[in-house]
Amino acid sequence: MTTNICSFKDRCVSILCCKFCKQVLSSRGMKAVLLADTEIDLFSTDIPPTNAVDFTGRCYFTKICKCKLKDIACLKCGNIVGYHVIVPCSSCLLSCNNGHFWMFHSQAVYDTDRLDSTASSSGVDFTSRNHFLCSAIRSNSSSFQVQS
Numbered sequence: 240m241t242t243n244i245c246s247f248k249d250r251c252v253s254i255l256c257c258k259f260c261k262q263v264l265s266s267r268g269m270k271a272v273l274l275a276d277t278e279i280d281l282f283s284t285d286i287p288p289t290n291a292v293d294f295t296g297r298c299y300f301t302k303i304c305k306c307k308l309k310d311i312a313c314l315k316c317g318n319i320v321g322y323h324v325i326v327p328c329s330s331c332l333l334s335c336n337n338g339h340f341w342m343f344h345s346q347a348v349y350d351t352d353r354l355d356s357t358a359s360s361s362g363v364d365f366t367s368r369n370h371f372l373c374s375a376i377r378s379n380s381s382s383f384q385v386q387s
């Protein structure tokens, strides 16, 4: 797998919540674009969400590439919030990627930036365990803006 950590190191890390029920889905989300179609905005994470989502439906393949996918749904409300790349295709593995294979649809989740220890909204170095959450999750998802 080709991973260029330097190009992703300064990306902002976010808490991802379900837009339908406000359930926290991940505390390690990042804004992403679909490798097979760069017009599609997503959020992604590298760690399987624990006690927040479960698989639903059958596996399927994309039309643009050969990745094998399976939808994931929020455990609290049951809505589909994204998908997991079960088996990435060779084309996507050879593209610049960050190793995130848990994808969340921007229409189904909202994000809150994680803050570093100085209360600055900045990229989090995943090699350091010294970062922590400094902000509360807002109860109104409409106050969040998706960056392009």
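Sequential numbering of the sequence shown, starting at 240, is according to the working numbering.
Beta carbons: idealized from backbone N, C-alpha and C, even for Gly.
Practice problem: With distances taken Cα to Cα, identify the nearest neighbour of PHE343 among ILE311, ILE325, ASP352. | Solution: Sequence index remark: in the sequence shown, residue 343 carries index 104 (1-based). Closest option to PHE343, Cα to Cα, is ILE311.
Quiz item: Name the DSSP beta bridge partners of LYS307, please?
Solution: Your numbering for residue 307 matches position 68 in the sequence shown. Per DSSP, PHE300, VAL326.
Quiz prompt | Contacting residues, own chain, Cβ-Cβ under 8 Å from ARG297 (five flanking each side not counted) | solution = Here the question's residue 297 lines up with position 58 in the sequence shown. Taken in chain order, the residues that qualify are LYS309.
Quiz item: Going straight from the alpha carbon of HIS323 to that of ARG353, what length do you get?
Solution: Taking the sequence shown and counting its residues from 1, one reaches residue 323 at position 84. Taking the sequence shown and counting its residues from 1, one reaches residue 353 at position 114. Distance between the alpha carbons of HIS323 and ARG353: 23 Å.
Practice problem: Report the residue from SER265, TYR299, TYR349, LEU332 whose alpha carbon sits nearest the alpha carbon of VAL292. | Solution: Locating residue 292 in the sequence shown gives position 53, counting from the first residue. Selected option, being the one with the closest Cα: SER265.
Quiz item: Between which two residues does the beta strand (DSSP E) carrying ILE286 extend?
Solution: By 1-based counting over the sequence shown, the position of residue 286 is 47. No beta strand (DSSP E) contains ILE286, which DSSP labels as neither H nor E.
Exercise. For ILE311, verify whether its CB is less than 7 Å away from any heavy atom of the ligand SAH.
Key: As presented, the structure is devoid of all ligands, the ligand SAH included, so that no description of it is given.
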